[in-house]
Each structure stands twice: as C-alpha cells, then as structure tokens.
Amino acid sequence: MEKLRNVKARVFVTLKPSVFDPQGRTIVDALQSMGYTAVKDVRQGKYFELDVDASSVDKARSVVTDVADRLLSNPVIEGYRVEIE
Amino acid sequence: MKFAIIEFPGSNCDHDAYYATKHVLGQEAEFIWHKGADLRGADVVVLPGGFSYGDYLRTGAIARFSPIMNCVREFAKGGGPVIGICNGFQVLLEAGLLEGALLRNRRLKFLCEHIHVRVEQIDTPFTCGAVAGQVLKLPIAHGEGNYHVDPETSAALEANRQVIFRYCAADGSVSDTANPNGSLTAIAGLCNVSRNVVGLMPHPERACESVLGSTDGLVVLESAIATMVAKGAA
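Heads up: the sequence lines are chains U and V, in that order.
Here the first sequence is numbered in my numbering, starting from 78 and rising by one per residue.
Here the second sequence is numbered in my numbering, starting from 6 and rising by one per residue.
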C-alpha cells in the first residue's frame with residue numbers, strides 16, 4: 078500500500094472574462110464612490126482550501142482538478158486555477 | 006395522472022407544487038425525497054423551487070448529485086416530462102439536462118413580484134395547451150435568474166426553438182425594461198432538444214387560483230395532464 082500524505086491545495090474559481098459579474102460591478106462602483114478612482118475593475122471569485130490525502134503531489138493534483146471540474150466550478154460560466162502546496 | 010415532486014433539503018415550493026397538482030387540479034401527487042431510488046411510477050416529474058442545500062456553492066450545484074437525479078435523468082432520457090421551476094430550473098442546468106447557467110440578477114436584487122412571460126413555443130408537454138404568443142402573468146422569486154450562455158449555444162437554442170418563455174410587457178412586447186433580471190434575450194424558460202425537459206424561473210404553480218393574483222399558471226400544469234392523457238396514462 079502506498080504511503081499517503083496530506084497535501085494542501087487551493088482552488089480559485091473565477092467567472093470567464095465574457096461573463097458579466099454584477100457583484101464585481103457593484104464593488105467597483107462602491108470603490109469609485111469611496112474615492113478609489115484608480116480601481117477600474119473588480120471581478121469577484123471563489124477560493125477553496127482543500128486537505129487531500131494522496132500518495133503524491135501529482136495524484137493530489139489529479140483529484141483536486143477532478144473536484145474543481147465536477148463540483149467547484151460550472152464550466153458554462155467559470156474557469157479555475159489549482160495550486161498545490 | 007401522477008406527479009412526483011422531488012424534495013431536496015431546502016426546497017420550499019414543494020408544497021405549492023403538491024397543492025396545485027393535487028388539490029387544484031385533482032391529480033395524484035407524491036413527494037419523493039432526494040435520497041430516493043425510484044420515481045414510483047410517476048407520469049410527470051416536478052423539481053420545485055426553493056434553496057436546495059442553502060444555495061451553497063452555486064444554486065442547484067449540490068442537488069444535481071442527489072441520488073434521485075439519476076432516476077430523473079433516466080426518466081428524461083426515456084422521454085418523460087420533467088419540469089424544473091425556479092431552483093428546479095437551476096438544478097436542471099447544473100445537471101446538464103438543460104443548457105446554460107443562471108447568474109446573479111443584473112441589479113443584484115432578489116426579485117419577488119408578478120411579471121409577464123410570452124409563450125414562444127407550444128410543442129412541449131408544458132405549453133401545448135397554450136396559444137403561441139400567449140402572455141402569462143406569473144410570480145417570480147429569485148436572486149439568480151439571469152440566464153447566460155455562450156453565443157454559439159444561444160444561436161443553437163434559437164435555431165432549435167428551445168426558448169419557450171420570454172419575459173415581456175403585459176402586451177407581449179419584449180424589451181430591456183420588461184426583462185427583470187438581465188437574462189440573455191429575455192429568456193425565462195427553455196426546453197431540451199427532445200422538448201420533454203422544461204425549466205423556467207417563474208412559478209406557474211403559484212398562479213393557479215384567482216385569490217393568488219393570477220390563474221395563468223394553470224395552462225402549464227394542464228398541458229402536462231393533457232399530454233399524458235393523450236399518451237394514455239391514467
């Protein structure tokens with residue numbers, strides 16, 4: 078049996094560039110009215126921290142990618158990026 | 006005629022659907038818990054409105070993995086009529102039984118009001134009793150009803166006549182001001198290519214008695230009954 082180790086992974090889910098983000102729009106409007114006129118755009122996304130038992134970093138990455146594809150993101154409107162510690 | 010009303014944790018229009026089908030329309034209706042493994046001989050499946058799994062992650066994202074959804078998928082594949090109302094529509098989209106996704110309403114407001122929709126297509130089990138172009142006054146209650154899909158799929162939906170309800174003014178005209186949530190091309194409801202799976206954001210089941218402000222939702226549920234009667238279901 079392969080020895081398992083705990084791997085920490087991070088998944089960042091963001092709306093595709095072509096998808097309008099009403100929350101980001103509202104935030105940037107608020108920032109403008111607060112005087113942060115240098116902030117031209119905001120896109121809001123989601124951030125997940127995962128603890129994964131896996132025999133290797135590659136195996137952990139494969140599980141996390143699967144999870145991000147099937148549940149954490151909706152491919153119709155979102156993309157994602159995985160980081161492994 | 007038997008309606009199966011699927012209950013997810015957080016469904017809250019399950020009883021509205023039950024009341025409308027059983028007590029207003031006099032049909033058989035049964036609640037089926039989402040962990041169930043069969044549809045108990047239902048003729049029509051209703052995925053009701055509400056907040057399945059608290060809308061956590063994305064609306065409908067977790068409900069789509071409930072065990073009963075395998076039965077719903079098989080039922081739909083066999084041509085059985087399935088209707089997803091509001092959160093039920095969101096579940097159908099997440100499950101891939103319908104195409105596209107629903108974003109936050111464009112002005113971020115949770116909308117709870119009566120709107121109008123125009124019936125665009127009448128060759129589905131949930132619109133066959135309507136007249137093409139008929140305007141229905143129905144309630145909406147949602148924060149995420151802003152329909153979105155990529156341009157290629159949008160063109161395919163139009164070419165296949167899959168858009169069956171569009172937001173409109175009381176006179177049936179479609180315009181940006183009559184579009185409450187920013188949906189692409191004012192889409193309020195869709196069907197799949199085989200036309201037996203229908204999803205919509207408005208609530209026909211809450212518009213079945215005049216005391217509720219409209220009876221325009223009846224035609225949607227009555228269409229399903231007429232379809233099944235024509236097919237010979239009891």
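Each residue gets a CB set at the ideal place from its N, CA and C atoms; glycine is no exception.
Note that the structure is a prediction, hence the values are computed from the model and not measured.
Could you tell me the distance, in whole angstroms, from the CA atom of Val203 (chain V) to the CA atom of Ala115 (chain U)?
-> Residue 203 (chain V) sits at position 198 when you count from the first residue of the second sequence. Residue 115 (chain U) sits at position 38 when you count from the first residue of the first sequence. Rounded to whole angstroms, Val203 (chain V) to Ala115 (chain U) spans 46 Å at the Cα level.
Alpha-carbon spacing of Thr142 (chain U) relative to Glu155 (chain U), whole angstroms = Numbered from its first residue, the first sequence carries residue 142 (chain U) at position 65. Numbered from its first residue, the first sequence carries residue 155 (chain U) at position 78. Looking at the two C-alpha atoms, the distance is approximately 14 Å.
Quick one: Cα of Ile10 (chain V) to Cα of Leu108 (chain U), how far?
-> Here residue 10 (chain V) corresponds to residue number 5 of the second sequence, with the count starting at 1. Here residue 108 (chain U) corresponds to residue number 31 of the first sequence, with the count starting at 1. The alpha-carbon atoms of Ile10 (chain V) and Leu108 (chain U) are separated by roughly 45 Å.
Using 8 Å as the Cβ pair cut-off and three pairs as the minimum, do the segment 90 to 107 of chain V and the segment 56 to 72 of chain V touch?
-> Result yes; three or more Cβ-Cβ pairs closer than 8 Å.
For Pro99 (chain U), return the contacting residues in chain V, with the cut-off set at a CB-CB distance below 9 Å.
-> Position 22 of the first sequence, counted from the start, is the residue given in the question as residue 99 (chain U). Chain V residues near Pro99 (chain U): Leu108, Arg109, Asn110, Arg111, Arg112, Leu113, Asn151, Gly187.
By how many angstroms is the C-alpha of Asn186 (chain V) removed from the C-alpha of Cys213 (chain V)?
-> Here residue 213 (chain V) refers to the residue found at position 208 of the second sequence. Here residue 186 (chain V) refers to the residue found at position 181 of the second sequence. Roughly 24 Å separates the two Cα atoms.
Pairing CB atoms from the segment 214 to 230 of chain V with CB atoms from the segment 127 to 146 of chain V, are three or more of them under 8 Å?
-> Yes, the segment 214 to 230 of chain V is in contact with the segment 127 to 146 of chain V.
Taking 9 Å as the CB-CB cut-off, is Glu214 (chain V) touching chain U?
-> Along the second sequence, one-based indexing puts residue 214 (chain V) at 209. Judged by the 9 Å Cβ criterion, Glu214 (chain V) is not in contact with chain U.
Does the beta carbon of Gly194 (chain V) sit closer than 9 Å to a beta carbon anywhere in chain U?
-> Numbered from 1 along the second sequence, position 189 holds the residue referred to as residue 194 (chain V). Gly194 (chain V) does not count as touching chain U.
Given Ala229 (chain V), which residues of its chain have a CB within under 6 Å of its CB, disregarding the five upstream and five downstream residues?
-> If you number the second sequence from 1, residue 229 (chain V) lands on position 224. Within its own chain, the residues whose Cβ lies closer than 6 Å to the Cβ of Ala229 (chain V), once the five positions on either side in sequence are excluded, are Val49, Pro86, Pro130, Phe131, listed in chain order.
Does the segment 83 to 93 of chain U come within contact of the segment 126 to 140 of chain U, defined as at least 3 CB pairs closer than 8 Å?
-> Contact holds between the segment 83 to 93 of chain U and the segment 126 to 140 of chain U, because three or more Cβ pairs, one in each stretch, are under 8 Å apart.
Which residues in chain V sit within 8 Å of Val96 (chain U), going by Cβ to Cβ distance?
-> Counted from its first residue, the first sequence places residue 96 (chain U) at position 19. Ordered by position in chain V, the residues that pass the 8 Å Cβ test against Val96 (chain U) are Leu108, His153.
Who are the near neighbours of Gly55 (chain V) in its chain, counting only those whose CB is closer than 6 Å to its CB and skipping five residues on each side?
-> Locating residue 55 (chain V) in the second sequence gives position 50, where the first residue counts as 1. The residues are Gly15, Ser16, Asn17, Cys18, Asn92.
Proximal residues, the segment 154 to 185 of chain V versus chain U, C-beta separation under 8 Å | Shown in chain order are the members of the segment 154 to 185 of chain V whose Cβ falls below 8 Å from a Cβ of chain U: Val154, Asp155.
Touching or not, the segment 183 to 201 of chain V and the segment 161 to 172 of chain V, by the rule of three or more beta carbon pairs under 8 Å?
-> Because the criterion of three Cβ pairs below 8 Å is met, the segment 183 to 201 of chain V and the segment 161 to 172 of chain V touch.
Can you tell which of V:Ser178, V:Asn110, V:Phe80, V:His119 has its C-alpha closest to the C-alpha of Phe97 (chain U)?
-> The sequence position of residue 97 (chain U) within the first sequence is 20, counting from 1. Selection V:Ser178, V:Asn110, V:Phe80, V:His119 evaluated against Phe97 (chain U) yields V:Asn110 as nearest (Cα-Cα).
Could you run through the segment 129 to 158 of chain U and flag, in chain order, every residue whose CB is less than 8 Å away from some CB of chain V?
-> Hits within the stretch, in order: Leu148, Leu149, Asn151, Val153, Ile154.
Could you list which residues in chain U have their beta carbon closer than 8 Å to that of Arg63 (chain V), in chain order?
-> Translated into the one-based positions of the second sequence, residue 63 (chain V) becomes position 58. By Cβ distance, chain U contributes Asn151.
Helix, strand or coil for Ser57 (chain V), going by three-state DSSP, please let me know.
-> Translated into positions along the second sequence, residue 57 (chain V) becomes position 52. Shown here, Ser57 (chain V) sits in a helix according to DSSP, grouped into three states.
Beta-carbon proximity list for Glu149 (chain V), same chain, < 6 Å, skipping 5 on both sides | For this step, residue 149 (chain V) is matched to residue 144 along the second sequence. Once the five neighbours on either side are set aside, the close Cβ partners of Glu149 (chain V) are Thr64, Leu107, Arg109.
Tell me whether Gly222 (chain V) sits in a helix, a strand or coil according to DSSP, three-state version.
-> Taking the first residue of the second sequence as position 1, residue 222 (chain V) is located at position 217. It is coil, neither helix nor strand.
Is the shortest distance between the beta-carbon of Gly105 (chain V) and the beta-carbons of chain U less than 9 Å?
-> For the purposes of this step, residue 105 (chain V) is taken as residue 100 along the second sequence, with counting starting at 1. Yes, because at least one Cβ of chain U sits closer than 9 Å to the Cβ of Gly105 (chain V).
Could you name the residues of the same chain whose beta carbon sits closer than 6 Å to that of Ala22 (chain V), not counting the 5 residues immediately before and after it, in chain order?
-> Translated into the one-based positions of the second sequence, residue 22 (chain V) becomes position 17. Closer than 6 Å at the Cβ level, and outside the excluded window around Ala22 (chain V), lie Ile10, Val51, Pro53, Glu210.
Checking contacts by CB at 9 Å: is Leu30 (chain V) closer than that to chain U?
-> Taking the first residue of the second sequence as 1, we reach residue 30 (chain V) at position 25. So, not an interface residue.
Alpha-carbon to alpha-carbon, Glu227 (chain V) and Ala25 (chain V) | Taking the second sequence and counting its residues from 1, the one referred to as residue 25 (chain V) is at position 20. Taking the second sequence and counting its residues from 1, the one referred to as residue 227 (chain V) is at position 222. Approximately 10 Å, taken between the alpha carbons.
Listing by chain order, which chain V residues have their CB less than 7 Å from the CB of Thr91 (chain U)?
-> Numbered from its first residue, the first sequence carries residue 91 (chain U) at position 14. In chain order: nothing, as chain V lies at least about 13 Å away.
For Val154 (chain V), count neighbouring Cβ atoms within 10 angstroms of its own Cβ and tell me buried if that reaches 16, exposed if not.
-> Locating residue 154 (chain V) in the second sequence gives position 149, counting from the first residue. It is buried - the Cβ of Val154 (chain V) has at least 16 other Cβ atoms within 10 Å.
Can you give the Cα-Cα distance for Lys7 (chain V) and Arg200 (chain V), rounded to whole angstroms?
-> The sequence position of residue 7 (chain V) within the second sequence is 2, counting from 1. The sequence position of residue 200 (chain V) within the second sequence is 195, counting from 1. Distance from the CA atom of Lys7 (chain V) to the CA atom of Arg200 (chain V), rounded to whole angstroms, is 20 Å.
Continuous alpha helix (DSSP H) assignments of at least 4 residues falling wholly in the segment 19 to 96 of chain V = Segments of the alpha helix (DSSP H) lying fully in the segment 19 to 96 of chain V: 19 to 23, 73 to 82.
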